[in-house]
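Take a look at the structure below.
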Amino acid sequence: AQSVTQLGSHVSVSEGALVLLRCNYSSSVPPYLFWYVQYPNQGLQLLLKYTSAATLVKGINGFEAEFKKSETSFHLTKPSAHMSDAAEYFCAVSEGNSGNTPLVFGKGTRLSVIA
Amino acid sequence: DAGVTQSPTHLIKTRGQQVTLRCSPKSGHDTVSWYQQALGQGPQFIFQYYEEEERQRGNFPDRFSGHQFPNYSSELNVNALLLGDSALYLCASSLATYEQYFGPGTRLTVT
């Protein structure tokens, strides 16, 4: 069975500081990994995805994530936080890149950005 | 192009009642998946519909059922509501190998 662990339910950074949100996964097959963002009272928006191509994945809004198989990690980073980045972030894993494959989500990390 | 839409936005039900939630997929998408997001948790997969059939199902009781119509829209039905069914219900649509697009969700409160 697949699972995702997000370390830290709440992360707080200053505006302009580095954002680092941690995600570790467990999968019996080569995983496909995703980061989603959820703004208040909204659905989930895909930030980026890893599909077994390049290990460093660039996404929208300046975010990127690096797949590290040896560490079973897929941490999300952004060099400089912006106030608009404040939201809930979810890491997810699936067994395939198909839109038909169910996603297994972590519990989420709430990012606060301090002015 | 309208994205995934869900209705209603919010609703309040009493324990033991039944509820129906609705989802219209993104234009051109033929697959609909439903997720339950309890407060403070990540979304959990309920089931997926394709060609009007339930194709995959997560670890949810039979009280949760669904339907997909010929126009690909979908309904989620929950019978005999429990307090623990209070959650945000998310619908996601997809097409073959492409990513899942999520709707804004329906907030269900069971009292």
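Quick mapping for you: the protein sequence lines, in order, are chains A and B. Counting in the working numbering, the first sequence runs from 123 upward without gaps. Counting in the working numbering, the second sequence runs from 11 upward without gaps. The beta carbon of each residue, even a glycine, is placed where N, CA and C say it ideally should be. Remember, predicted model here, so these are calculated numbers, not experimental data.
Residue 60 of chain B: contacting residues in chain A (beta-carbon distance under 9 Å): Within chain A, the residues near residue 60 of chain B are 222.
Beta-carbon spacing of residue 124 of chain A, residue 149 of chain A below 8 Å: In this structure, residue 149 of chain A lies closer than 8 Å to residue 124 of chain A by Cβ.
Nearest-angstrom Cα separation, counted from residue 192 of chain A out to residue 17 of chain B: Going by the C-alpha atoms only, they are around 43 Å apart.
Integer-rounded CB distance, given that residue 84 of chain B should sit under 8 Å from residue 36 of chain B: About 12 Å; that fails the 8 Å criterion.
Chain B within 8 Å of residue 130 of chain A, Cβ atoms only: It does not; no Cβ of chain B falls within 8 Å.
Residues from the region 188-215 of chain A in contact with chain C, defined by Cβ distance under 7 Å: Looking for chain C here will not work: the only protein chains present are A and B.
Close beta carbons around residue 32 of chain B, own chain, < 6 Å, minus the five adjacent residues each side: Excluding sequence neighbours, residue 32 of chain B sits near 17 and 85.
Closer than 8 Å at the beta carbon, the chain A residues around residue 112 of chain B: Taking a Cβ-Cβ cut-off of 8 Å, the neighbours of residue 112 of chain B in chain A comprise 158, 165, 166 and 167, given in sequence order.
C-alpha distance - residue 26 of chain B paired with residue 72 of chain B, whole-angstrom precision: C-alpha separation (whole angstroms): 15 Å.
Below-8 Å beta-carbon distance, residue 109 of chain B vs any chain A residue: Interface annotation, residue 109 of chain B: in contact with chain A, CB-CB separation under 8 Å.
Best match in A/184, A/130 and A/177 for proximity to residue 196 of chain A [C-alpha to C-alpha]: Comparing alpha carbon positions, the residue from A/184, A/130 and A/177 closest to residue 196 of chain A is A/177.
Proximity test, Cβ basis, 8 Å: residue 51 of chain B and chain A: Chain A contact via Cβ: present.
Which of helix, strand or coil DSSP assigns to residue 146 of chain A: Residue 146 of chain A falls in the strand class under three-state DSSP.
Pairwise C-alpha distance: residue 133 of chain A and residue 208 of chain A: Their backbone Cα atoms lie some 10 Å apart in a straight line.
CA-to-CA distance, residue 185 of chain A to residue 138 of chain A, given in whole angstroms: Taking the Cα positions, residue 138 of chain A is about 13 Å away from residue 185 of chain A.
Beta-carbon neighbours of residue 230 of chain A, restricted to chain B and to distances below 7 Å: Against residue 230 of chain A, the close residues of chain B are 52, in the order they occur along the chain (beta-carbon pairs closer than 7 Å).
Proximal residues of chain B, C-beta to C-beta of residue 171 of chain A below 9 Å: Neighbours of residue 171 of chain A on chain B, chain order: 109.
Through-space distance from residue 41 of chain B to residue 180 of chain A, alpha-carbon basis: So the alpha carbons of these two residues sit roughly 27 Å apart.
Sub-8 Å separation of residue 198 of chain A and residue 211 of chain A beta-carbons: Against a cut-off of 8 Å, the Cβ pair of residue 211 of chain A and residue 198 of chain A comes out as a contact.
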